[in-house]
Amino acid sequence: MGLTIERHLCLTFNDQREIVDEYRRLGVDYPKFFKMDSLSKMAFVASERLLDGYGERFIPRDDVAVLFFNSSSSLAVDIDYQKTIQSNDDYYPSPSLFVYTLPNICAGEVAIRNKFCGETSFYVVEELNIKHIYSIVKNIFGSSNIKFALVGWVENYSRTFEVKMSIISQKQ
Numbered sequence: 026m027g028l029t030i031e032r033h034l035c036l037t038f039n040d041q042r043e044i045v046d047e048y049r050r051l052g053v054d055y056p057k058f059f060k061m062d063s064l065s066k067m068a069f070v071a072s073e074r075l076l077d078g079y080g081e082r083f084i085p086r087d088d089v090a091v092l093f094f095n096s097s098s099s100l101a102v103d104i105d106y107q108k109t110i111q112s113n114d115d116y117y118p119s120p121s122l123f124v125y126t127l128p129n130i131c132a133g134e135v136a137i138r139n140k141f142c143g144e145t146s147f148y149v150v151e152e153l154n155i156k157h158i159y160s161i162v163k164n165i166f167g168s169s170n171i172k173f174a175l176v177g178w179v180e181n182y183s184r185t186f187e188v189k190m191s192i193i194s195q196k197q
């Protein structure tokens, strides 16, 4: 069994403002976008661009997987959240930040938007390693009824805002 990359894109942004600008250029109406952290916003924008015109969307599908990877987890927003709880004198925990302290929210947002009900996972790995990612994706196809997978490297830490995303299907 082999895998085929159907579509692929790479996006880099200088800051969160550029991510929002790209969202607006797409003309998508999804109010939850503005509540998302940068990691989820990048994945959302990339998935919108990649999935536009590709097969059926917005109907429940259990044959589509969403698999995202990075090396920093949700550390960028974790640091922001930590600032809201570190001082006893200035303690203001933010529920809107806390919800995004889990990296799997990023994959979940894309799955919910598109009604993809198959495997949805976010893997935190040491580095971008295509062989490792390939083995995980291949295993998903081999152990389920998945027809295609949305696979992405979504990294947001320090000054890094990048996403590399592909639609992958199984060769027959």
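Heads up, the sequence shown is in the numbering used here, so the first residue is 26 and it goes up one at a time.
By construction, the Cβ of each residue, glycine as well, lies at the ideal position given by its N, Cα and C atoms.
The structure presented is a predicted model; accordingly, all values stated were derived computationally and were not measured.
Judging by CA-CA distance, which residue of the options is the nearest neighbour of residue i?
i, options, result
"residue 78", "152, 151, 32", "32"
"residue 186", "42, 27, 30, 28", "42"
"residue 151", "114, 173, 97", "97"
"residue 155", "182, 39, 134, 190", "190"
"residue 83", "135, 30, 111", "135"
"residue 80", "172, 147, 196, 38", "172"
"residue 153", "138, 175, 95", "95"
"residue 188", "73, 49, 55, 59", "73"
"residue 165", "113, 194, 46", "194"
Would you please state the rounded distance, in angstroms, between the beta carbons of residue i and residue j? I believe it to be under 8 Å.
i, j, result
"residue 93", "residue 162", "Not a contact, Cβ separation roughly 11 Å."
"residue 201", "residue 36", "Missing from the structure shown is residue 201; the chain here goes from 26 to 197 and no further."
"residue 181", "residue 64", "4 Å"
"residue 175", "residue 91", "5 Å"
"residue 170", "residue 147", "Residue 170 to residue 147, Cβ: 21 Å. No contact."
"residue 48", "residue 60", "Residue 48 to residue 60, Cβ: 13 Å. No contact."
Along the chain, where does the beta strand (DSSP E) that runs through residue i open and close?
i, result
"residue 111", "No beta strand (DSSP E) holds residue 111; DSSP gives it neither H nor E."
"residue 148", "145 to 149"
From the DSSP output, read off the bridge partner residues of residue i.
i, result
"residue 193", "30, 174"
What first and last residue would you give for the alpha helix (DSSP H) that runs through residue i?
i, result
"residue 64", "63 to 76"
- request: Report yes or no: do the stretch 140 to 158 and the stretch 79 to 99 share at least 3 C-beta pairs separated by less than 8 Å?
  value: yes
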